[in-house]
Every structure is written in structure tokens, then in C-alpha cells.
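Notes for the one structure printed next.
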Amino acid sequence: MKPIDIIREVKLKAKGQWQNILSNLGVEVPLNTHTACPACGGKDRFRFDDKDGNGTFICSQCGAGDGLDLIQRIFGGSVTEAAQEVASIIGIDTRSDNPPTYSSDEVKAQQEAQRAQQEETKAKEKAEKHKRFTERYSRTIDHIKRGESDYIKAKGFQGVEMDLLPDGSLIIPLLDGNGTITAAQTIKPNGEKRLLLDSAKNGSYYPINEPTNVHTVIIAEGLATAMTCHLIQPEAYTVAAIDAGNLIHVAKVMRTKYPESKIIIAGDNDSKNEVNTGKVKAEAAAREVNGYVSIPPNGGDWNDYLQYRDRNATTSAFIEGIYQPQGDEAMSEITLTETVKKSVTETAKPRDPMKIRIESRDDGVFLVTPKADKETGEIINHEQWLSNPIKRIAKGIDEVGDEHLIIEWGRNKVQAIPTGDIGEREGWRRLKNAGLFVTTKSGLRQSFSDWLLRRSFKEDWSITNKSGWHKGAYIMPDGSVIGTPEQPIFFNGQSAAATAYQTSGTLESWRDGVARLANGNIFMMFTIGAALAAPMTSITGADSFGIHIYAQSTAGKSTTADMAVSLYGDPDLQRLTWYGTEYGMTNEAVAHNDGVLYLDEVGQGADPKHVYKSAYTLFNGKGKIQGAKDGGNRQVQNWKTVAISTGEKDIETFLLMAGIKVNAGQLVRLLNIPMERATELHGCENGKAHADLIKMNCRDSYGAAGRYWIEYLSNHKDEAKEAYRAAQQRWSKLIPNSYGEQVHRASDRFATIEAALIMGSVITGWNEQDCRDVVQAIFNVWVAEFGTGNKEIEQIKEQAEAFLNAYGMSRFAPLPYDVRDLPIRDLAGYRKKGSNEDDPIIFYTFPAAFEKEIASGFNPKHFAEALKMAGMLTPPTSGRGYQRKSPRIDGRQFNVYVLHFSPESAEDDNNLVANGEDEKNS
70 MKPIDIIREV KLKAKGQWQN ILSNLGVEVP LNTHTACPAC GGKDRFRFDD
120 KDGNGTFICS QCGAGDGLDL IQRIFGGSVT EAAQEVASII GIDTRSDNPP
170 TYSSDEVKAQ QEAQRAQQEE TKAKEKAEKH KRFTERYSRT IDHIKRGESD
220 YIKAKGFQGV EMDLLPDGSL IIPLLDGNGT ITAAQTIKPN GEKRLLLDSA
270 KNGSYYPINE PTNVHTVIIA EGLATAMTCH LIQPEAYTVA AIDAGNLIHV
320 AKVMRTKYPE SKIIIAGDND SKNEVNTGKV KAEAAAREVN GYVSIPPNGG
370 DWNDYLQYRD RNATTSAFIE GIYQPQGDEA MSEITLTETV KKSVTETAKP
420 RDPMKIRIES RDDGVFLVTP KADKETGEII NHEQWLSNPI KRIAKGIDEV
470 GDEHLIIEWG RNKVQAIPTG DIGEREGWRR LKNAGLFVTT KSGLRQSFSD
520 WLLRRSFKED WSITNKSGWH KGAYIMPDGS VIGTPEQPIF FNGQSAAATA
570 YQTSGTLESW RDGVARLANG NIFMMFTIGA ALAAPMTSIT GADSFGIHIY
620 AQSTAGKSTT ADMAVSLYGD PDLQRLTWYG TEYGMTNEAV AHNDGVLYLD
670 EVGQGADPKH VYKSAYTLFN GKGKIQGAKD GGNRQVQNWK TVAISTGEKD
720 IETFLLMAGI KVNAGQLVRL LNIPMERATE LHGCENGKAH ADLIKMNCRD
770 SYGAAGRYWI EYLSNHKDEA KEAYRAAQQR WSKLIPNSYG EQVHRASDRF
820 ATIEAALIMG SVITGWNEQD CRDVVQAIFN VWVAEFGTGN KEIEQIKEQA
870 EAFLNAYGMS RFAPLPYDVR DLPIRDLAGY RKKGSNEDDP IIFYTFPAAF
920 EKEIASGFNP KHFAEALKMA GMLTPPTSGR GYQRKSPRID GRQFNVYVLH
970 FSPESAEDDN NLVANGEDEK NS
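Following this note's numbering, the numbering of the sequence shown begins with 70 at its first residue and continues without gaps.
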């Protein structure tokens with residue numbers, strides 16, 4: 070038997086037997102008694118009333134139905150499978166291929182009665198649906214106003230007033246062939262489209278114009294495309310069919326209304342999809358009415374085509390592209406696709422028309438529950454809305470191996486949701502906040518979740534929250550991808566400056582308006598070199614670093630920084646502050662990986678503690694170890710970045726004023742560079758005019774040069790590595806061996822910028838030797854401030870001297886000493902002055918005071934060794950350790966660190982030993 074015959078026969082013969090049938094299946098259902106539902110288990114929500122012996126029931130959670138519906142809900146599967154189960158109980162042979170026989174007159178009469186009843190039912194339902202729509206539409210337009218739509222303006226149409234709802238949405242009435250409003254579409258400012266409930270869309274359309282004599286009819290899919298077609302073909306009657314599926318229905322209406330007119334289908338070119346739906350549907354509509362097709366040649370719709378060309382070019386392309394599809398040729402693309410699909414599935418089991426399924430369509434995602442009419446056996450699909458339309462669902466894997474679903478909908482709306490959150494409150498919250506509206510009914514949500522998770526995916530995406538180089542391409546902090554990645558990439562990160570990374574102008578306009586005005590000004594060129602170095606660090610293996618340019622407010626430091634960061638985007642929007650949390654700085658560093666982080670005005674409102682922690686975090690290149698909520702630890706974030714910072718004070722002074730000591734290593738990672746005004750004004754009247762011109766040009770031309778630079782680097786990675794190695798070798802010979810360790814380490818930063826400036830001449834147009842001279846000049850400026858010695862030893866000497874200057878007379882007791890004559894609180898040790906006026910004061914320092922106070926923040930042994938090398942600590946003559954025996958005090962000796970200020974000559978050290986405080990007292 071066919072499935073429909075099984076269902077019909079079972080319903081006929083099971084009448085009045087449903088309690089026994091259900092009992093045989095292990096389901097006891099008392100008649101007309103409220104009880105627990107055998108399907109959902111809810112208490113007192115179910116009643117089996119068995120009306121007309123059809124096994125009918127009602128449940129406040131599951132709904133209502135007949136006996137087959139109840140079995141389907143309890144045991145799952147399709148209606149056909151439920152009918153086969155019942156058939157085996159009541160003795161119907163489903164294996165027979167012969168359905169019940171009826172006389173020809175009976176069959177004819179039955180068919181005519183069924184047809185009449187169906188037509189009557191459909192007409193009644195259509196009338197009721199239209200009545201509901203009319204009432205709803207009337208209520209909706211009570212609140213409309215005339216105005217410009219943000220959606221239409223974004224499509225390039227300015228000054229066009231249309232009907233708008235209070236939230237700014239367009240509302241478009243759709244007419245049938247008789248001019249009756251049968252449907253309406255709303256379009257939100259973000260482009261999200263939706264039909265008003267109870268709309269009858271098929272064959273209905275929105276007219277753009279109303280010509281008196283209709284010789285040509287143009288039918289487009291959407292409103293913006295139709296408006297574009299009217300713009301380029303104003304003499305034609307142009308209508309919008311709303312979607313591709315409605316093109317054929319509207320074409321039939323137009324052929325009926327205008328039998329002699331030429332009909333052109335202005336289809337979309339969906340060439341990026343597996344099946345070019347826009348073209349296929351347009352050609353099918355044209356064949357149906359003996360019409361023509363015009364498809365934009367480069368993908369997208371005709372409005373997309375107009376956005377990048379002028380009106381005349383678009384008109385020419387439209388006219389030249391008109392053709393009349395032939396049957397076999399026009400169907401070649403879809404036939405080929407269907408043939409491939411058939412070869413894969415020809416051995417598969419045919420789809421059961423009675424099986425519950427989920428359908429994703431242009432008007433949304435729906436749960437479809439087929440039901441067979443009790444009398445006629447006709448299949449009726451009951452639809453329940455699950456979400457607004459979804460364009461694409463893909464699977465992605467992030468950097469720690471966790472799987473996500475990537476869901477795309479609306480106009481460029483994309484979210485990556487961890488698979489563990491699908492179906493959970495957190496997952497629904499994220500989707501709704503991002504704009505994907507999902508049903509609030511928990512049962513339907515569960516079905517929707519299962520459908521999302523059980524789909525087959527054609528490709529795996531790579532998910533990352535880190536910008537920079539990834540899978541062979543470069544990700545900007547706003548998520549845009551430069552280059553062609555090895556696999557599709559979804560950027561799941563977020564920067565506070567994400568909106569900055571747009572483009573304005575061209576590479577040439579930036580070179581002429583910004584790079585040219587920087588040429589000859591060493592601080593401007595050097596800062597642009599730092600910005601050029603940012604995407605090179607991962608390629609060359611260089612470390613993260615930053616430059617802090619500081620000067621008084623009129624020196625042009627912010628202008629200089631703006632010039633550098635305008636390489637990659639709007640300088641005003643890129644500008645961040647030092648004021649923030651350590652966690653926030655980690656997020657920004659990750660979002661600016663392999664890029665520039667612009668931190669402006671360190672002294673304005675910034676908390677020194679925040680600056681200190683942020684600087685340490687930024688150049689450490691790694692985030693904190695954090696526990697995961699489900700156990701273990703999260704993956705540690707890592708990054709490489711180049712920071713450009715500005716302020717009126719250098720970082721070390723700014724922090725020291727707040728009592729925060731900066732170690733030498735940090736000063737090598739963030740180079741403090743005192744800045745001077747520009748000297749080469751390039752024809753400008755004065756420095757202010759030069760600065761004003763730069764500011765204007767930076768805001769007219771930004772982003773394009775940086776994108777070109779990144780593309781250039783991606784194709785010249787070996788040259789970048791070689792330029793960096795050559796610069797390293799040159800700088801290793803430039804720094805004298807006598808210079809301190811930190812200066813040698815810092816030279817790598819200057820080598821990095823030199824390599825970037827030389828490579829970046831393709832962007833700036835600057836002379837190679839000039840670039841080297843600039844870096845050399847800035848190094849001289851920096852080293853004059855930093856010093857040529859070991860910065861850490863200098864800091865140790867300064868810290869020890871500061872302690873002795875502050876407490877040498879107040880906390881060190883003079884020898885000989887009587888506590889009764891001079892009681893001292895917090896005694897740190899003893900002091901003794903030599904017999905000669907020029908002899909230094911010797912400080913016999915207690916180990917606790919030395920290690921916990923004088924050497925605070927350092928390793929005490931390292932601190933003592935540095936003082937010994939500086940001549941401020943006298944070690945034991947044995948050469949082991951750093952403590953000596955003190956002079957006899959009250960008849961006893963104890964271990965001390967022997968300190969004094971740096972001696973003027975070696976003779977002072979000899980005098981110390983001659984005074985008797987040496988190993989003979991040990």
C-alpha cells in the first residue's frame with residue numbers, strides 16, 4: 070500500500086478502537102479524565118475524549134489531534150510509521166499493493182465532492198486570511214509618517230520620501246492583479262525584511278511607477294533593485310516582486326494584464342552560491358511568459374552594480390545584458406546541480422511526505438508538521454515559526470579546538486556561538502542581542518537547536534579573537550580580512566577602536582598629503598617607521614615594543630602620532646588612552662596583534678598604577694593565567710604589537726612622581742623619546758600651518774596605504790626577513806661594546822624600524838639613506854636621555870644613594886655610640902667618619918635594612934654585586950659573599966654590609982682597609 074492509502078484505511082477501521090489500540094501499545098488513557106500526558110508527561114494537562122471514535126485528545130502543552138497524532142507524539146517518527154504500527158494491531162495488510170476498490174461512479178462522485186469541498190474550504194480560508202490581513206494592515210498604517218528611509222538612503226537614493234513606521238521601518242503595500250492590497254512587506258533600517266502576518270504574497274507586487282501606456286514591464290526582486298531599474302529605464306513600468314520565488318507569479322500576472330508588452334526580468338546574480346538562484350528563477354519566469362532576462366555581470370543585483378558605476382554605465386550594461394533564455398540552455402546550471410545531487414542520493418530512501426521537518430526559507434525558518442485530512446487524505450502542512458531567515462550555517466573551530474556554529478543572517482550579521490551554548494540560555498541571549506529573533510516557545514526552541522546541531526557542513530571555518538596574520542591572510546581589528554586565507558576566517562574579537570579601520574582616499578593621496586609632509590622631519594619619519602614595523606614583527610620574529618614621544622603641548626606630538634596611525638585608519642577613532650584595566654589592555658593588545666596600538670596623552674587623567682600595569686602587560690606579550698569555569702585553565706592569550714604613545718612627560722618621570730619605580734627592562738621595551746618641533750615645513754608659512762595641513766590630510770586620506778602595505782608584505786615576506794637581518798647586523802656594529810646591556814637590547818628596536826622604513830619606501834617614497842639617517846638621529850636622541858651605561862646598575866646606585874642621603878644621619882648611629890645619649894628609632898646600622906676631612910662616611914648596615922629597604926624591588930645579591938662593581942660596597946677580602954664583620958660595639962661584632970658613597974679615587978678604598986675594618990676583625 071502507498072502511505073496515503075495506509076493512513077486512510079487505518080483511520081477508517083480503527084474508529085471506536087483507539088483505547089484498545091493504545092492499551093496494546095502500553096499506553097493507558099482513561100476517557101474524558103484529566104491526567105498526565107503520555108507524550109510530554111505534564112501533570113493534569115491531558116484529556117482523551119475520543120470524539121466520533123477517532124481517538125481525539127487535547128493537551129495544553131502538545132496541542133490536539135487524533136489517535137495517529139497521539140501515537141506519533143508518544144513514539145516519534147512520521148504519521149506513516151504510526152499508521153503502520155496501528156495496522157499491525159488491527160489486522161490491516163500493509164504489504165498489499167492493491168488499495169481498497171471502489172466503483173468508477175463512486176470514485177468519480179467522491180473525487181468531485183472532495184474537490185468541491187477543498188475549493189470551498191480554500192476560498193473560505195483565503196477570505197478569512199485576507200480579512201485578518203486587512204485588519205492588521207489597517208492598524209499598522211494608522212501610525213505611518215512620510216520621510217526618508219535609512220535603508221533607501223544606504224542604497225544611494227537621497228531625498229525620496231516613503232511611508233515609515235515609528236521605528237523607521239519602511240512599509241510597502243503589495244497589490245494583486247486587480248489592484249487589491251493583499252500583502253505588505255516591512256524593511257528595517259538595517260535591511261531586515263519581513264512580510265506582514267497573513268500576507269498573500271504569490272502574484273502580488275509593489276509598483277514603482279504608473280505609466281499611462283505600458284510597452285515594457287521590468288520585474289525585479291527587491292525594492293532597491295526595482296528603484297534602480299526605474300532610474301535607468303524610466304519609460305518602463307517597473308515593479309518589485311519582493312523575492313526570487315515570486316518572480317514567476319508576478320510575471321504571469323503581468324502577462325495577463327499586458328499581453329502585448331515586452332517583459333524583462335531584472336534578476337539577481339547569485340554566482341557565489343552553489344546554485345545561482347537569482348538567475349535560475351529569473352530565467353524560469355521569463356520562459357513562462359516568453360520574456361527576457363537581464364543579469365548584472367559581476368554578481369549581486371543591479372543596485373549593487375550602480376553603487377560602483379555611474380548611471381550611464383549601468384544603463385548600458387542593463388541593455389547589453391538583455392537576452393531571451395532557451396529551454397535546455399537556460400536550465401543547464403540547475404540541471405547539472407540536480408544531476409550531481411541525484412547521483413549522490415539515488416540509492417537513498419525517498420523522503421516521507423508525512424515526516425515532521427524544519428524548512429529554512431526566504432521568509433524564515435519553520436517547523437513543518439504534515440497532517441493528513443481525515444476524510445480526503447490530503448496532506449496539510451502546519452507551520453510554526455522558529456526564527457527569521459538564516460543565510461548560512463557553518464562549523465568553526467577556535468584556537469583551542471572548541472567547536473562553534475557560525476550563523477549568518479540579515480545584512481552581514483554573523484555570530485559564532487560555542488556548540489555547548491546552542492540550546493542554552495546564554496546561546497539564545499547572544500543570538501537575540503545580535504539581532505537574530507528566535508521563538509520564545511521552549512519546545513520549538515529545542516527542535517530548532519537539534520536542527521542547528523545536526524546539519525551537515527560543507528566547510529570548516531577558523532575562528533580567532535586575535536587580529537594580525539592568520540591562515541595566510543591578515544585580519545584588521547574590525548574583522549576585515551586582507552588577502553586570501555587558507556580557509557574561511559571568522560574574527561570573534563573586539564576592540565574599543567574597531568570602527569576606526571575604514572579607508573578614505575588612496576595610497577597616492579596619503580603619500581602626497583602625509584608622507585611628503587613628514588619627509589625631512591626625523592621624529593615624524595621615525596614614528597611612521599614604527600607604524601610600518603607593526604605588521605612586520607611576526608614575519609621577522611622581532612619583539613613587541615613601543616615608542617613614547619613626549620614634549621610640551623605645542624611640539625606636535627599628537628600630530629606626529631596621527632600621521633603614523635593614519636596608515637591603517639581614522640586617527641581620531643584609533644586614539645585610545647592609558648586609562649584602563651589590565652584585562653582591558655590585554656583585550657586591546659590581542660585585538661591589535663601584529664598592529665599599531667595608539668595610546669594618547671599619558672599624563673591626562675591616567676592613573677600611574679594603571680599605566681604601570683598596562684605597560685607591563687602590553688610588552689610582556691602574554692596575558693594572565695586564568696581558570697576556566699568548567700575546570701582547568703583558559704588558554705593564555707599572546708600577542709605582538711607596536712605601541713605609539715604620547716605625553717608631556719616621559720614614562721619614567723611620570724611613574725616616579727607617583728612613587729612607582731620602573732625597571733630598566735621596561736624602559737627598553739617602551740622607548741622614551743623627547744620630541745622637537747618639525748623643521749622642514751614643505752612650503753608652509755609656519756609650523757602651525759604645516760601642522761594644520763597635516764591634520765586635515767590625515768583625516769582625508771587614511772587606511773588605504775596601510776592595506777596596500779600589508780598586501781605588499783604578504784607577497785614579500787622573504788625580503789622583509791632579509792631587510793631585518795641586514796639592519797640587525799648593521800646595528801650590532803654601530804653600538805660600542807662599552808655601552809650597557811640595555812642599550813644593546815634597545816638597538817634591536819631601532820633595527821626593526823630601520824628595516825620597516827627601507828621596505829616601506831614603496832609606501833612613503835622616501836630615500837633609503839635618509840631612512841637610515843633618521844633612525845641613527847633618533848637613536849642619538851634616545852641614548853642621550855637613557856645613558857650609555859648599564860641602566861639597571863645606575864638605578865641601583867641611585868636607589869642606594871637616595872636611602873643613604875635620606876637616612877644616613879638619622880638612622881645610622883655614630884661610632885662610638887651610647888644609646889642613652891642618642892636614642893634612634895628603626896636603627897639601620899652604624900656610621901663612622903674617617904680621621905681626615907676628605908674621608909668618606911662608612912655605613913655599617915644591618916642585613917635586614919639592606920635587603921628589605923635599600924635593595925627593595927631587586928634581588929639583594931644582585932643589588933650588592935652592582936654596588937660592589939660601582940665601588941659603593943666593600944666586600945670581604947676572602948671574595949666570598951658581601952657581608953663583613955662590624956667594628957666591636959659593646960664588646961661584640963656582627964655581620965653587616967659596608968656601604969659608602971662612590972669613592973673619588975682608589976685611595977679611598979685603601980683608607981677603608983687601613984682603618985682596620987677588615988677581615989682581621991672577623
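Here a beta-carbon is modelled for each residue, glycine too, at the ideal position from N, C-alpha and C. Owing to the predicted nature of the structure, the values given are computational and were not obtained by experimental measurement.
Linking Q227 to N315 through their CA atoms gives a straight-line distance of about 28 Å.
As the crow flies, the alpha-carbon of Y667 is around 38 Å from that of S238. For A152, the CB contacts under 7 Å within the same chain, skipping 5 residues up- and downstream, are I75, I76, V79, L137 in chain order. Assigned with DSSP and collapsed to three states, I143 falls in helix. Shortest Cα-Cα distance from V319 to any of M938, F506, K270, K348 involves K270. Put simply, of G834, D959, T646, T833 the residue whose alpha carbon is nearest the alpha carbon of D887 is D959. Under the DSSP assignment, D669 falls in the beta strand (DSSP E) whose first and last residues are 664 to 669. Rounded to the nearest whole angstrom, the C-alpha separation of R205 and I250 is 12 Å. Following the DSSP letters along the chain, one finds K501 inside the alpha helix (DSSP H) bounded by residues 494 to 503. In the structure shown, R814 falls within a helical segment according to DSSP collapsed to helix, strand and coil. If you draw a straight line from the Cα of N345 to the Cα of K786, it comes to about 38 Å.
Going by C-alpha positions, P929 is about 27 Å away from N806. Beta-bridge partners assigned by DSSP to L436: I427, Q453. For W800, the CB contacts under 8 Å within the same chain, skipping 5 residues up- and downstream, are S816, D817, F819, A820, E823 in chain order. Judged by their CB atoms, I911 and R894 are not nearer to each other than the 8 Å cut-off.
The residue from Q254, H212, S925 with its alpha-carbon nearest to that of P235 is H212.
With a minimum length of 3 residues, the unbroken runs of beta strand (DSSP E) contained wholly in the segment 548 to 578 fall at 558 to 560. The Cβ atoms of A599 and I779 lie no closer than 8 Å to each other. When C-beta atoms of the segment 575 to 584 are compared with those of the segment 760 to 773, three or more pairs fall below 8 Å, so the two segments count as touching. R894 carries a coil assignment under DSSP once its states are collapsed to helix, strand and coil. Counting the other Cβ atoms within 10 Å of the Cβ of T833 gives 16 or more, which makes it buried. The shortest C-alpha to C-alpha distance from M744 to any of K730, G756, T715 is the one to T715. Excluding sequence positions up to five before and after E934, its CB lies within less than 8 Å of the CB of Y951, all in the same chain and listed in chain order. Closest in C-alpha terms to K262, from the list L292, N247, T285, V286, comes L292. With a contact defined as Cβ atoms closer than 8 Å, F855 and L736 qualify at about 7 Å. A Cβ-Cβ distance of about 6 Å is found for the pair T629 and I618, placing them in contact under the 8 Å criterion.
The beta-bridge partner set that DSSP reports for Y361 consists of I333.
The segment 380 to 392 makes contact with the segment 353 to 367: 3 or more CB pairs, one atom from each, lie closer than 8 Å. Separation of G132 and V507 (C-alpha to C-alpha, rounded to the nearest whole angstrom) is 21 Å. Taking the CA atoms as reference points, R356 sits about 9 Å from I317.
Taken in chain order, the unbroken stretches of alpha helix (DSSP H) that lie wholly in the segment 172 to 241 and span 4 residues or more are 173 to 210, 219 to 223.
Short of 6 Å from the beta carbon of I475, and not among the five residues preceding or following it, lie these beta carbons of its own chain, in chain order: A463, G465, A485, W530, F559.
With a cut-off of 8 Å on Cβ pairs, the segment 583 to 592 is not in contact with the segment 516 to 528, counting fewer than three such pairs. Of all alpha-carbon atoms in S273, R746, G775, the one lying nearest the alpha-carbon of E577 is that of G775.
With respect to the 8 Å criterion, Y771 and G548 are not classified as neighbours on the basis of their beta carbons. Excluding residues up to 5 positions away in sequence, R880, A882 lie with their Cβ nearer than 7 Å to the Cβ of L896 in the same chain.
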